[in-house]
Amino acid sequence: MRELIKASIKILDADLFVVLTGCISDLVGDDVGSIVREFQDQGISIVYAETGGFKGNNFTGHELVTRAIIDQYVGDYDGPKKQGSVNVWSLLPYHNTFWRGDLTEIKRILEGIGLNVNILFGQESKGVTEWKDIPKAQFNLVLSPWLGLQTAKHLEEKYLVQRGNEI
Numbered sequence: 004m005r006e007l008i009k010a011s012i013k014i015l016d017a018d019l020f021v022v023l024t025g026c027i028s029d030l031v032g033d034d035v036g037s038i039v040r041e042f043q044d045q046g047i048s049i050v051y052a053e054t055g056g057f058k059g060n061n062f063t064g065h066e067l068v069t070r071a072i073i074d075q076y077v078g079d080y081d082g083p084k085k086q087g088s089v090n091v092w093s094l095l096p097y098h099n100t101f102w103r104g105d106l107t108e109i110k111r112i113l114e115g116i117g118l119n120v121n122i123l124f125g126q127e128s129k130g131v132t133e134w135k136d137i138p139k140a141q142f143n144l145v146l147s148p149w150l151g152l153q154t155a156k157h158l159e160e161k162y163l164v165q166r167g168n169e170i
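This is the structure in C-alpha cells:
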C-alpha cells in the first residue's frame with residue numbers, strides 16, 4: 004500500500020488523496036491508518052476511512068468518509084465564525100437523478116437571501132478549499148432526514164456549528 008500511495012502521489016496532481024479500506028483489509032486488520040499518517044507527517048494531504056462493507060451501507064460509508072476528511076484534513080479550528088455562512092449537507096450524489104441541478108438551485112436560493120454557502124459537493128463546490136471553511140460556518144443545513152445528520156452532529160460538537168435538518 005505504501006508503494007501504491009507513493010506512485011499515486013507521483014503521477015496524480017491532486018489536492019487531496021483519500022484511501023478507503025474494504026472488507027478484506029478491515030477483516031485482516033491492516034493498519035492503514037499508520038501508513039497514511041506517515042504521508043500526513045510529510046505534509047501530504049491524504050486521509051483514510053475504514054469503510055469495510057460490513058460496517059453498513061453506502062450511506063454509512065458516505066458519513067465515514069466525510070468525517071475522515073473533517074477530522075484528518077480540515078483539522079482543529081477555534082477561530083471566528085464567518086457571518087451568514089452555512090454548510091449544505093446534501094443527498095447522496097447519484098441517488099437523486101437531479102442532484103446537480105438541485106444543489107445549484109439550493110445554492111442560488113440561499114445566496115439570494117444573503118448567505119455565504121459551502122455547497123461541498125457537485126459543480127457548485129469550490130473543492131477542498133471549501134472543506135477548509137466548514138468550521139467557520141455558523142450553521143449546517145442537512146437536506147436529508149438521515150444522510151449528513153451524523154456529520155452535522157459531529158461538527159456541532161467539534162466546531163460548535165449549529166445544525167438543522169427540518170425543511
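Letter 48 of the sequence shown, counting from 1, is numbered 51 in my numbering, and no numbers are missing. From the three backbone atoms N, C-alpha and C, an ideal C-beta is built for every residue, glycine too.
- The continuous stretches of alpha helix (DSSP H) do not include N60, and DSSP gives it neither H nor E.
- Residue state for W134 is assigned as helix, using DSSP reduced to three classes.
- Between N121 and V164, the CB-CB gap reaches or exceeds 8 Å.
- Listed in chain order, the alpha helix (DSSP H) runs fully inside the segment 27 to 82 are 35 to 44, 61 to 71, counting runs of at least 4 residues.
- In the DSSP assignment, W102 falls within the unbroken alpha helix (DSSP H) covering 102 to 115.
- Selection N143, T132, V68 evaluated against L118 yields N143 as nearest (Cα-Cα).
- The beta carbon of Q75 sits closer than 6 Å to those of V50, all from its chain and outside the five residues before and after it, given in chain order.
- Separation of S11 and L23 (C-alpha to C-alpha, rounded to the nearest whole angstrom) is 14 Å.
- Judged by their CB atoms, V68 and V21 are nearer to each other than the 8 Å cut-off.
- Between W149 and I72 the beta-carbon gap is near 19 Å, outside 8 Å, which marks them as no contact.
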